[in-house]
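J.:
2 protein chains.
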Amino acid sequence: MRYELHYWPSIQGRGEFVRLALEAANADYLDIARQPDAGGAASMLQLMEGQATRRPPFAPPFLKAGEQIIGQTANILLFLGPRHDLAPADDAGRLWTHQLQLTFTDFIKEIHDTHHPIASGLYYEDQRDEAVRYTRAFLKHRLPKYLGYFEKILEMNGGRHLVGDRLTYVDLSLFQVVTGLRFAFPKAMAEAEANLPLSVALADAVAGHPRIAAYLASDRRIAFNQQGVFRHYPELDS
Amino acid sequence: MRYELHYWPSIQGRGEFVRLALEAANADYLDIARQPDAGGAASMLQLMEGQATRRPPFAPPFLKAGEQIIGQTANILLFLGPRHDLAPADDAGRLWTHQLQLTFTDFIKEIHDTHHPIASGLYYEDQRDEAVRYTRAFLKHRLPKYLGYFEKILEMNGGRHLVGDRLTYVDLSLFQVVTGLRFAFPKAMAEAEANLPLSVALADAVAGHPRIAAYLASDRRIAFNQQGVFRHYPELDS
């Protein structure tokens with residue numbers, strides 16, 4: 001079965017966590033909105049809002065697996081994990097992996113809000129003062145708290161993987177978050193990484209995973225830019 | 001097995017979504033921090049931060065089920081649902097129910113941020129101006145979008161339940177969100193409810209469910225207050 005991933009075609013965003021899992025699994029998938037002949041984002045919106053969709057998702061990304069449509073990034077990974085050997089085999093292990101992914105979900109929302117603390121419908125420029133204030137507290141308190149938590153989980157688990165002794169989708173998510181934060185906050189991250197040796201080593205290992213390395217070098221990987229979750233505004237990074 | 005729920009003892013907060021499920025299921029549980037002899041919140045923090053916890057959660061609430069500790073509200077409900085007949089029997093139905101709960105998770109975070117748009121570590125009074133600006137956009141765009149989505153899902157499913165033809169944990173969550181929003185934003189909700197007949201009827205039906213009605217009338221139900229997710233500041237409700 002060929003999966004269809006439905007997400008915005010010009011950003012990594014939340015869809016990237018799904019793309020990384022599909023790539024690591026070597027799964028057969030189409031990134032629909034990026035296919036020139038597949039109707040682009042219009043086809044995605046049609047599936048979300050059309051009357052023909054039995055269980056419409058609230059927002060992208062969502063995955064079409066046969067007739068099943070699955071929304072919410074962490075939920076998609078919960079679905080894909082056991083099917084592609086990116087999650088533990090036992091129920092308790094899967095629940096724990098999902099719990100870590102939901103903690104990434106919370107973190108990613110807080111990262112997003114560094115540039116949009118007031119409203120996602122307003123431009124950054126119209127909430128810049130609030131963004132400066134939000135990000136000051138975020139970099140001081142929240143970023144070290146989240147990254148310190150994942151570093152601790154790594155340490156408690158032997159240092160090489162967040163869960164078990166093999167790659168799971170939460171390792172991919174840690175890679176993506178570390179990489180994105182380096183793009184968004186190069187100064188703050190350079191400082192933070194001094195206390196995160198295991199997370200840095202895991203991010204490096206994921207980047208060197210043969211399938212992920214091939215993906216990152218391909219044009220399937222969209223570059224970081226100023227429309228996604230991770231954005232670089234120098235005035236916020238201090 | 002007696003569950004242990006670990007959460008802050010003086011607020012409904014995110015823990016309330018778990019309490020409602022445990023109550024509807026008539027499950028055997030202890031709300032640990034509210035037991036005078038169980039160590040209160042200190043015991044919760046000890047489990048979270050102590051070295052003896054193999055899989056420590058990032059934040060409360062979490063549920064102790066035998067030796068297993070499960071964090072993240074939606075993840076706890078994912079665990080409890082099939083065990084207590086509060087989720088569909090089939091995998092696709094469970095994933096869909098969880099997807100709706102994760103959409104509640106997103107909504108609840110946005111509701112929380114109406115009074116804390118800048119930093120959870122600052123007092124409301126120190127971010128009131130930003131809260132007024134955030135909440136204006138929230139009440140105009142986000143609240144109708146989320147509530148309209150759940151109303152549409154109810155309508156597509158025959159009107160009485162969000163999923164299937166029986167009570168599931170997402171029905172309980174819709175009840176809690178509608179009830180909490182009425183407390184926080186009575187004026188805005190009075191207006192919004194005109195377009196949400198099915199959601200209002202479901203919230204009423206949940207409130208009348210014998211076990212939920214008994215719970216709401218008991219001292220196990222903490223009253224809404226100014227420390228939880230749902231807070232009433234008249235200057236925000238307009």
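Chains as they are written, first to last, in my numbering: chain A, 1 to 238; chain B, 1 to 238. In this text, a Cβ means the ideal position worked out from N, Cα and C, and glycines have one as well. Fair warning: this is a prediction, and the values are worked out from it, not measured in the lab.
#1: Just how far apart, CA to CA, sit Q12/A and F224/A?
#2: Just to check my reading of the structure: L147/A and S199/A have Cβ atoms closer than 8 Å, yes? What is that Cβ distance to the nearest angstrom?
#3: Hey, would you say D113/B sits closer than 9 Å to F138/B, going by beta carbons?
#4: Could you say which of Q46/A, D171/A and G228/A lies nearest to V206/A if we only look at CA atoms?
#5: Tell me, please, whether the CB atom of W96/A is closer than 9 Å to any CB atom in chain B?
#6: Consult DSSP for D85/A and reduce its assignment to one of helix, strand or coil.
#7: Please confirm if P56/A has its CB atom under 9 Å from at least one CB of chain E.
#8: Check whether the stretch 29-42 of chain A touches the stretch 97-105 of chain A, counting contact only when three or more Cβ pairs, one atom from each stretch, lie closer than 8 Å.
#9: Given that a residue counts as buried once 16 or more other Cβ atoms are within 10 Å of its Cβ, and exposed if not, what is G180/A?
#10: So for F62/B, helix, strand or coil by DSSP?
#11: So, at 6 Å on beta carbons, what are the nonlocal neighbours of L284/A in its own chain, with the 5 sequence-adjacent residues on each side left out?
#12: DSSP three-state label for G180/A, please.
#13: Since E4/A sits in a beta bridge, which residues does DSSP pair it with?
#14: Is M189/A buried or exposed, if buried means 16 or more other CB atoms sit within 10 Å of its CB?
#15: Assuming Q176/B and F17/B make a contact with CB atoms under 8 Å, what is their CB distance in whole Å?
#16: Is H116/B near A131/B, with beta carbons less than 9 Å apart?
#17: At which residues does the alpha helix (DSSP H) containing E49/B begin and terminate?
#18: Taking C-beta pairs closer than 7 Å, name the residues in chain A that Q68/B reaches, listed in chain order.
#19: Kindly list, in the order they appear in chain B, the residues whose Cβ is closer than 9 Å to that of T103/A.
T.: So, from the data block:
#1: 7 Å
#2: 6 Å
#3: yes
#4: Relative to the Cα of V206/A, the nearest Cα in the group Q46/A, D171/A and G228/A belongs to D171/A.
#5: yes
#6: coil
#7: The chain labelled as chain E is not found among the protein chains of the depicted structure, namely A and B.
#8: no
#9: buried
#10: strand
#11: There is no way to answer for residue 284/A, as the model of chain A reaches only from 1 to 238.
#12: For G180/A, the secondary structure class from DSSP, reduced to helix, strand or coil, is helix.
#13: For E4/A, which the question treats as bridged, DSSP gives the partners L30/A and K64/A.
#14: buried
#15: The Cβ separation is near 6 Å, so the contact holds.
#16: yes
#17: G40 to E49
#18: Those within 7 Å of Q68/B in chain A are A92.
#19: What T103/A touches in chain B: P57, F58, A59, G71 and Q72.
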